[in-house]
Amino acid sequence: MARLLLSAFGPFGEHAVNASAEVARRLWEEGVEGCDLVKIELPTVRRESADLLLHAFDRVRPDVVVMLGIAAERDEITPERVAINVDDYAIPDNAGNQPVDEAVVAGAPAAYLATLPVKRIVAALADANIPSRVSNSAGTYLCNHVSYAMLHHIERSGAPCRAGFIHLPQMSEVVPEGAPSMPFAMLVVGVTIAIGAITGTAPR
Ligand code: PCA
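Take any residue in the sequence shown, count from 1 to its spot, add 392: that is its number in this note's numbering.
Printed below as a string of structure tokens:
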């Protein structure tokens, strides 16, 4: 059994529903094969989000951390290759913070590579006909923020844990006709397959 910490974000900006939180809740309710799953929903607030996540990490001591969020302009599931030490928000977070060109962690390295098997995740999703690609930028907003903070924390603690961020499209059920999205059921299956590719239970 892999101990999995699964994080997701709640609503933010114009997104009254965040598909990542809905998917995480469904997986937590139904369970994921081969995983002892702990779920945490993070507020879309700069310091609070990472503080809560790192606190959960220290308590849970997971083997794997999968962080979820939405990238509403995308229509594919996109595991992120890298997290950068930059907070540069195009819109304020839910507490009104809008840092420009600031560090996530002052004095820390410029970037960390995710330690999830991003190519294996994409291959497993392709096998299931679920649109996916590796992304080389998680942006400079909250998703990159928590991803960087988590990878930095793991690096410093020396914990034997793999971690990374996966951006999801918004769920089709809540977007206007024609906007980029993916049906909720496909998102649930997709994230399940991604977790299987990480923990070794995927059928390939
Ligand atoms: N997406 C935002 C923050 C919360 C979310 O779900 C992002 O991509 O940074």
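Even for Gly, the Cβ is constructed at its ideal location relative to N, Cα and C.
Span separating the alpha-carbon of residue i from that of residue j
{"i": "Y533", "j": "D479", "result": "6 Å"}
{"i": "I432", "j": "H537", "result": "16 Å"}
{"i": "V457", "j": "R554", "result": "6 Å"}
{"i": "M574", "j": "E547", "result": "33 Å"}
{"i": "E422", "j": "A448", "result": "21 Å"}
{"i": "R596", "j": "R395", "result": "Caution applies to R596, whose pLDDT of 42 falls short of 50 and renders its modelled position unreliable; the value that the coordinates give is listed next. Approximately 21 Å between the Cα atoms of the pair."}
{"i": "Y358", "j": "Q562", "result": "Residue 358 is absent from the structure shown; the chain starts at 393 and stops at 596."}
{"i": "L446", "j": "A541", "result": "8 Å"}
{"i": "L544", "j": "P568", "result": "Checking the displayed sequence, the identity of residue 544 turns out to be His instead of Leu. Distance between the alpha carbons of H544 and P568: 38 Å."}
{"i": "L429", "j": "L419", "result": "9 Å"}
{"i": "P435", "j": "S564", "result": "22 Å"}
Outcome for residue i when other beta-carbon atoms lying within 10 angstroms are tallied against a minimum of 16
{"i": "D450", "result": "exposed"}
{"i": "M393", "result": "exposed"}
{"i": "I483", "result": "exposed"}
{"i": "G582", "result": "buried"}
{"i": "I558", "result": "buried"}
{"i": "E414", "result": "buried"}
{"i": "G681", "result": "Outside the shown range of the chain, which is 393 to 596, sits residue 681, and nothing can be said about it."}
{"i": "S539", "result": "buried"}
Within 7 Å, strictly: CB atoms of residue i and residue j
{"i": "A589", "j": "A516", "result": "yes"}
{"i": "L460", "j": "A400", "result": "yes"}
{"i": "I587", "j": "V424", "result": "yes"}
{"i": "S524", "j": "I469", "result": "yes"}
{"i": "P471", "j": "V526", "result": "yes"}
{"i": "N521", "j": "A495", "result": "no"}
{"i": "R438", "j": "D485", "result": "yes"}
{"i": "G550", "j": "L508", "result": "no"}
{"i": "L579", "j": "A463", "result": "no"}
Where the beta strand (DSSP E) containing residue i begins and where it ends
{"i": "I462", "result": "456 to 462"}
{"i": "C427", "result": "427 to 434"}
{"i": "S527", "result": "Note, S527: premise wrong, no beta strand (DSSP E); not H, not E."}
{"i": "V474", "result": "474 to 476"}
{"i": "I558", "result": "554 to 560"}
{"i": "S399", "result": "394 to 401"}
{"i": "L505", "result": "503 to 505"}
Bounding residues of the alpha helix (DSSP H) (the contiguous stretch that carries residue i)
{"i": "V580", "result": "576 to 591"}
{"i": "E422", "result": "411 to 422"}
{"i": "F449", "result": "438 to 452"}
{"i": "M542", "result": "534 to 549"}
{"i": "I469", "result": "Premise fails: I469 is in no alpha helix (DSSP H) and is neither H nor E."}
{"i": "A516", "result": "510 to 519"}
CB contact below 7 Å: residue i versus chain B
{"i": "L505", "result": "Here chain B cannot be found, since the structure has a single protein chain."}
Checklist line | Neighbourhood of the ligand PCA [Cβ distance below 7 Å to any heavy atom], ordered by chain position | finding: Screening all residues for a C-beta within a distance smaller than 7 Å of any heavy atom in the ligand PCA leaves F401, F404, N410, S412, T436, G461, I462, A463, A530, G531, Y533, L534, C535, N536, H559, in chain order.
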